[in-house]
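Start counting the sequence shown at 3; every next residue gets the next number (my numbering).
No residue lacks a Cβ here, since even glycine has one placed at the ideal position from N, Cα and C.
Computed from a prediction, not measured in an experiment: that's the story for all the values here.
Take a look at the structure below.
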Amino acid sequence: LTNSNVENLEEYTLLFDHMYSLERRTNANVGESNMATSGRVRFSNPIFKLANAEWSQKLTDILINGVMVNEIEIVRVANIGKVNEIVEKDIFKNSYLQFISKRTDALFMEVRIEDYTTSLTHVDQDTKQKGTVVAHYSVMTGKNSISAEGAGGEGGGAE
Numbered sequence: 003l004t005n006s007n008v009e010n011l012e013e014y015t016l017l018f019d020h021m022y023s024l025e026r027r028t029n030a031n032v033g034e035s036n037m038a039t040s041g042r043v044r045f046s047n048p049i050f051k052l053a054n055a056e057w058s059q060k061l062t063d064i065l066i067n068g069v070m071v072n073e074i075e076i077v078r079v080a081n082i083g084k085v086n087e088i089v090e091k092d093i094f095k096n097s098y099l100q101f102i103s104k105r106t107d108a109l110f111m112e113v114r115i116e117d118y119t120t121s122l123t124h125v126d127q128d129t130k131q132k133g134t135v136v137a138h139y140s141v142m143t144g145k146n147s148i149s150a151e152g153a154g155g156e157g158g159g160a161e
């Protein structure tokens, strides 16, 4: 759906901003021994701000017709050693558009997701990659996992 003329990032577009939150609020009225289990995880609907461009009408059509978006992938790039090296990636799967709002040259879009994966590659000041940590959360099942790969990474996880 999106495109770019940036080498090695042709399938992406410029994202002005995005935000979401992951929360787990506990009940303050529960006795001390049960407080940790009194909360439930809440993943807010991500909101994206991107250019109001050629894909805006397609997104409007997707929203109106209730079409599921299989995957939304966001990458953060840095110029460390190489130009536009991907250092962070967020993947939202099985999403439904909740609203679209246009303001001048910007398009705001909110989605409801079923599945979230994020990865972050740690890069030292000498531009050497130290490893990647990947976290996954299923909004549908409440299951999560975390793993580390690469130099200096320690494996681990929670289910």
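Could you tell me the boundaries of the beta strand (DSSP E) in which residue i lies?
i, result
"Thr120", "Asp117 to Val125"
"Asn86", "Lys84 to Arg105"
"Asp19", "Leu17 to Met21"
"Ala162", "Because the chain is modelled from 3 through 161, residue 162 falls outside the range shown and cannot be assessed."
"Lys51", "Ile49 to Ala53"
"Glu13", "Counting along the chain, Glu13 falls outside any beta strand (DSSP E), and DSSP gives it neither H nor E."
Please classify residue i as buried or exposed, where buried requires at least 16 other C-beta atoms within 10 Å of its C-beta.
i, result
"Leu52", "buried"
"Thr123", "buried"
"Ile74", "buried"
"Ile2", "Coverage of the chain is limited to positions 3 through 161, which leaves residue 2 absent and any answer about it impossible."
"Asp19", "exposed"
With distances taken from CA atoms, which of the options is nearest residue i?
i, options, result
"Asn81", "Asp126, Ala150 and Gly152", "Asp126"
"Lys95", "Val69, Arg105, Thr106 and Lys60", "Val69"
"Tyr139", "Gly152, Glu151, Glu25 and Thr62", "Glu25"
"Thr143", "Lys91, Val85, Val43 and Ile93", "Val43"
"Ser121", "Glu13, Arg105, Ile64 and Gly152", "Gly152"
"Leu17", "Ala108, Val135, Ala150 and Lys132", "Ala108"
Please list, in chain order, all residues of the same chain as residue i whose beta carbon is under 6 angstroms from its beta carbon, the five residues on each side excluded.
i, result
"Val71", "Ser97"
"Ile88", "Val77 and Val79"
"Asn110", "Looking at the sequence provided, one finds Phe at residue 110 rather than Asn. Around Phe110: Lys51 and Ser103."
"Glu112", "Asn47, Ile49, Gln100 and Phe101"
"Val135", "Leu122 and Ala150"
Apart from the five residues just before and just after residue i, which ones in its own chain have a Cβ nearer than 8 angstroms to its Cβ?
i, result
"Val141", "Phe45, Ile115, Glu116, Asp117 and Tyr118"
"Tyr22", "Phe45, Ser46, Asn47, Pro48 and Ile49"
"Leu11", "Val77, Val79 and Asn86"
Tell me, which residues are paired with residue i by DSSP?
i, result
"Val136", "Ser121 and Ser149"
"Met142", "In DSSP, Met142 forms no bridge with anything."
"Ala80", "Glu87"
Between residue i and the rest of its own chain, which residues show a CB-CB distance below 7 angstroms, the 5 nearest in sequence each way excluded?
i, result
"Thr129", "Ile82 and Gly83"
What first and last residue would you give for the alpha helix (DSSP H) that runs through residue i?
i, result
"Lys60", "Ser58 to Asn67"
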